[in-house]
Structures are given as C-alpha cells and as structure tokens.
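Okay, so the sequence shown: first residue is -4 according to the numbering used here, each after it adds one.
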Amino acid sequence: MNYLIAILFTLISFAQDIDVPQQAPTERDPLFVELVRLAENPLQVDTLNLYDQDLYKIHDLVFKFKNLKRLDLSNNSLRKIPLELTKLTKLEFLNLGSNHIIEIPSEISKLKNLKVLILNNNALTKLPDSIAELTQLEILDLSKNSLTSVHNLGKLTKLQHLNLRSNKFEKLDTKLPSKIQVLDLSFNRLSAFPMAIENCPKLKALLLNVNQLKAITAVGVTLPELSYLDLSSNSLSKLEMDWKKFKKLSYLNLNFNQLADCPDLTKNHELKELYLANNQIIKMGKLPNSIVRLNLSKNKLVEIAAEFQQLKNCKELNLSRNKISKLPEWFKDMESLEMLNLNHCILTEVGQQFPAKLEKLLLKHNQINTLSVQIPSLKYLDLSENMLEKFTQDLIVSETLKTLDLRANPIHSISLNKKASLQYLNLSNTRIHQLSNTMNHLAELRELNLGNCKIRSIADDLELKDLKSINLSSNQLKLFPSALFKSKRLSYLNLANNYIRVIPIKISKLHFIKHADLSGNKIKDIKALCESRSIQYLYLQKNNFHSIPQEIYQLRYIQVLHISKHKLHITMDTLLHKQLPNIKIYYH
C-alpha cells in the first residue's frame, strides 16, 4: 500500500560508504580527513552522513557544525549519546538507529527543532520524561528496543508517525497525540486492544499484528480516517467492533487468528483488500462489492457461497486449502476475476465455470480427472498433483497460455493446441515414455521439464529452436538426444541419472550452454564436452571415466565442477586451480 508511509520510517539518503577502521579516527583515516576539510567552514555544513562507519564515539569535530540540520549516525557501535550532541540545536533530523545505545539523556530536550528522531534497533528500556519537550517532532521511531512503556507522548502535538514495533509492551496506557496518523505496535506482547487510540481521530494506519490479542471489544471506537488495519497473527476468536465507523477502511488483515465468522463489513464501501487466511471460518456472509483482493486460504469452507456473486470488482481470490469439491455455475459471472487459487482443495472436475478475464488459475493438489477449460485470457495454469491420465488439445482452449504445470499427474500422453504460445511446460513425474515431434508447433517454448518420467527415446525430428532450458533427469535415455542440437539457444541442460555412455562432438554447437548436469550416467570420455566452452557449472559425478582430459582447460568460463573424488588425481587438482583460478571443485 503506497499510502502506508508509516512502515517506511527510513527516510535517509545514504552517501557512499567509506572504509574506516574500528578504532578512533586518526589523521590518516578518510573520515578524519573529510571532517577536517568540512571544519574549515563549519557553519556552512548542514548535512552530515556518518552511516556505517564503525564508530564507537563521535569525533569532537562533529560538534563544531553548529548549523547542522541533518545528522545520520546509524549502523555504528555507539553506546551512549554525548551531551555535546544536544548542543547542535538546529538539528531537524537525527538518526541514531542500529547502535548499542541503552539510555537517552534528558538533555535531548534541547533539540527543540527536531522533526525526525530515529532510535530503532538499540537497547533502550525507557525514555526520559523530557522527550515530551520535543514539540516539533513529527516522526519518532523506537522500534526494535526493549521498551515496556512510554509516557508523556501526548504532549508531542505535532507527532504523526510513531513506530513502537518489536518492543516488550504488554499494554499501552499512555495518552497519544491527537494528530498521529500512523501507529505501529506490531511484534509486541499486547493482550488488550489499545484504547488510547480513541483520541486519535486522524489515525490512518494501525498495525497490531503479532501480539497476544484473544478478543477485541471496542464497539465505541471511532476512527473515521483509518484506512489500514493489521490484526494478523494474534489469537482472536472474538471481534466486536462497529465496523461502519471505519468508513475509509481499505485494507484489513485478519490472517492467522481463530475467527469462526467473518466480521460484518457490508458498510465498508472503501474496503479493497481483505485477508482472512488461516482461521476457522465455515461459511462466509455478505461482503462489500468494493473488494479487489480476498484471501480465505486454509479455513473450513466446503462451498463457494452465493454471496460471492456480488464481488463484481474482485480481481484476486484465494480459496486454497479448503474442502471445496465443486464450482457453482454462476462462478463465471465474477467478471473482474484475474487470479484464482484453488490449490489443495478436493475438486474432481473442472469445466466452463471460469470467468473470461481469468489470467492465472491455480489448481494444484486436487483430485481432478476430468477437465474442459475455455478461458480466452488464461496465461498461467497449474494442474500439478492431480489425477489426469491424458492431456489433449481440446482440454484447454486458450491461445494466450504461457505457463502450464502438469507435474505429478499419471499422464502417459500429451497433445497441445497447435495455436498454443506456451513458454514453460512442466511434465515432470508423469508417465510419459517418449517425446515425439508433436511438440514442434510450440515455437515459443523456452523451458521444458520432463524430469523423473519414463522416457526412453526422443524423436530425432523434434525441433524446439527457442528452447533455453530442458530437464530430462532421472529417465531411461541411453543416447544423448540429438534433437537438442537444434536448440541453439539452450543454456540449461539436465541429463542426470540416465544411461548415457557417449557425449557427441556436436555438443560444441550449443554455444550458450552455461549449466550442464550429466551426473549419474555411464559416460567414459568427456573430451567432447570440453569443446562446449561456454559452460560455467558442470556436474560429472558418478560416471565411468577414469581421468580428466587436459582439454578441460578450454572451459575458461567454468566456475563450478562437481566430480567423484577418485576421478581426479591430486596433480590434476593442482593444475586445474592453476589454469582455472576461479574454479570451485566439489567432490562426491
């Protein structure tokens, strides 16, 4: 969410890193030299970036820059804030994040012009009362400390962003500034809803995720400007709030709770994103038709209720990991739907129930054995881990389909639409035993996965000219597939765990091969492979050759070589590292 500026507390523009030793700066250090140069005209310096300089203390020269407005001392090793720093009274931006500071001096109140104070990722356990005197403060980041309470913040009348994420708060009983817009209390130990927010009518974003909330009773709370609310990863089973009082709510995250029902959000006409994954919801009620993204993954739904029909603007719907066994006929009327996730349900067949604008359809790990899909806009289809035995060109009518995953089906044959524009095809862990020229019309195919099938042969007239990646590992091939020499752009080749004995000299025609896995075969000679000089990653372990030929030096781009230990004589190992200094050899 672009407007959730609360989470972006890092408003710092980093200068280039300077390597500085850990001890105090000396006259030879680049940092000291730069500070001396700046100190020649100290009153002209208004910005100083000392980020990540391994500083244990702040050099005295820094305190000469009386007109400093921006000072970044983050990501150092500072343990305390020197009092001299509080004399830089023109400071508007001070970043002391990611140090080892355990205490803030009360004198910090002298920095009357401070607008941004960042103290995240330190070791603070308390704040001085004097922090309330920083009346110009607009952003205060105290995240990733060990705070259990904060006081007097109500006096910071201009404060808009308060980050208390990742502390040790069990409750928040302080008065909050009325102008606050963003409050982050995530990753704490809150067991009760912070009623202090009642006095924050301008609050736009509230983050309470990853706490210990079990129930919320806050019917009287009115937050007319709230647009972002995250209550995920609690233990909520009860949620009593008058949702119609949150008129501008557009994002609501209730993932990972114990809710049995969806809250009544019918009056929240601005709501666009609703997340209810990992709850105990059995049945959905009415929802506002403004919703664009809806996640109900891992609940106890057994059907897609009729109430979903009103979601005319929904583009992304996740119903995965429910007990849904069929799709209603009216489902095709969800005219805006572009992404549908039904992974890990119990569907046995799918037909014509899908909306025409659907682009991505996820049906992994169902029980589908019957299929007839006509979706003209479909680009991505995952049918892996189902029960399809054959796949013919009439099963899917979509000329726009780019990705098709049929992995782990009992498919023994496949025939694809001649107008298909597939770029990625996964047929691994199927029962396909041969690869014929019926795939030749897949002119745009870039990646083909046929690992762990039953393939014994590949037709010589197979022609996949634009193929860049092929996985034929764990099959029953005895010959190196000559059809692959037509795939001039091939860069990834996996033929591991077959029965190949000979590498043809023609492999040198594959000028773009970078990754070649030929492990687990019966290869006796690898000289031909050394002609393929573009190889960077080579896997040759568990083969039948007895030595590495000197021609391997021709592989000048090789970075990684995997080989069986006994195949490489110690002398050759030394020579390889000498001739190919960048090579890493892994023994098996």
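The beta carbon of each residue, even a glycine, is placed where N, CA and C say it ideally should be.
- If you draw a straight line from the Cα of ILE370 to the Cα of LYS327, it is about 10 Å long.
- Under a 10 Å Cβ-count criterion, GLU235 is classified as exposed, with fewer than 16 other Cβ atoms of the shown protein chains found around its own Cβ.
- Between the region 419 to 429 and the region 394 to 401 there are three or more C-beta pairs closer than 8 Å, enough to call the two in contact.
- Beyond the five residues adjoining it in sequence on each side, GLU380 comes within less than 6 Å, by CB distance, of LYS359, HIS360, ALA403 in the same chain, given in chain order.
- C-alpha of THR152 to C-alpha of PRO172: approximately 5 Å in a straight line.
- Nearest to GLU394 by alpha-carbon distance, out of SER408, LYS413, MET382, is LYS413.
- One alpha carbon belongs to SER230, the other to ILE192, and they sit about 21 Å apart.
- One thing to note: SER468 has its Cβ within 8 Å of the Cβ of ASP512.
- Taking a C-beta distance under 8 Å as the contact criterion, LEU50 and SER72 qualify as a contact pair.
- Pairing ALA200 with SER222 gives a Cβ-Cβ distance under 8 Å.
- Under the three-state reduction of DSSP output, VAL177 falls in the strand class.
- Assigned with DSSP and collapsed to three states, ILE134 falls in strand.
- Beta-carbon to beta-carbon, SER477 and ASP455 are separated by about 6 Å, close enough to satisfy the 8 Å threshold.
- Cβ-Cβ distances below 8 Å link LEU185 to PHE164, GLU165, LYS166, LEU167, LEU203, ASN206, GLN207, LEU208 in the same chain, with the five nearest sequence neighbours on each side left out; the list follows chain order.
- Scanning its chain for C-beta atoms nearer than 6 Å, with the 5 sequence neighbours on each side dropped, one finds around LEU56 the residues LEU30, ALA34, in chain order.
- Non-local C-beta neighbours of GLU354 in its own chain, meaning closer than 6 Å and more than five positions away in sequence, comprise GLU333, SER372, LYS374, ordered along the chain.
- Bounds of the beta strand (DSSP E) holding LEU89 are 88 to 90.
- When the beta-carbon positions are compared, ASP225 and ASN248 come within less than 8 Å of each other.
- Across the set LYS352, THR343, ALA351, PRO350, the C-alpha of THR343 shows the shortest separation from the C-alpha of LEU378.
- Residue burial annotation: GLY215 is exposed, with fewer than 16 other C-beta atoms found within 10 angstroms of its C-beta.
- Non-local C-beta neighbours of ASN94 in its own chain, meaning closer than 6 Å and more than five positions away in sequence, comprise ASN71, LEU73, ASN117, ordered along the chain.
- A direct Cα-Cα distance of roughly 12 Å separates GLU133 from LEU148.
- Spanning the alpha carbons of GLY92 and HIS146 requires a straight line of approximately 21 Å.
- Taken in chain order, the unbroken stretches of beta strand (DSSP E) that lie wholly in the region 34 to 92 and span 3 residues or more are 42 to 44, 65 to 67, 88 to 90.
- The residue from GLN347, ILE276, PRO323 with its alpha-carbon nearest to that of ARG316 is ILE276.
- Collapsing the DSSP output to three states places LYS579 in a strand.
- Ranked by Cα distance from LEU135, the first of HIS156, LYS150, SER144, LEU119 is HIS156.
- Leaving aside the five residues that flank ALA351 on each side, the residues in its chain whose CB is nearer than 8 Å to its CB run, in chain order, LYS327, GLU330, ILE370, PRO371, SER372.
- Here the alpha carbons of TYR548 and HIS572 stand approximately 10 Å from one another.
- ASP256 sits in coil when the DSSP states are folded into three classes, being neither helix nor strand.
- Between the beta-carbon of TYR487 and that of LYS463 there is about 7 Å, and that keeps the pair under the 8 Å contact cut.
- Excluding the 5 residues flanking it on each side, ALA491 has same chain C-beta neighbours closer than 6 Å at SER468, ASP512, SER514, GLY515, in chain order.
- Taken atom to atom, the span from the alpha-carbon of TYR46 to that of ILE53 is near 12 Å.
- Assignment of ILE427 by DSSP, reduced to helix, strand and coil, places it in the coil class.
- Counting along the chain, LEU420 sits inside the beta strand (DSSP E) bounded by residues 419 to 421.
- DSSP assignment within the region 237 to 282 yields the following whole beta strand (DSSP E) runs of 3 residues or more, N-terminal first: 246 to 248, 268 to 270.
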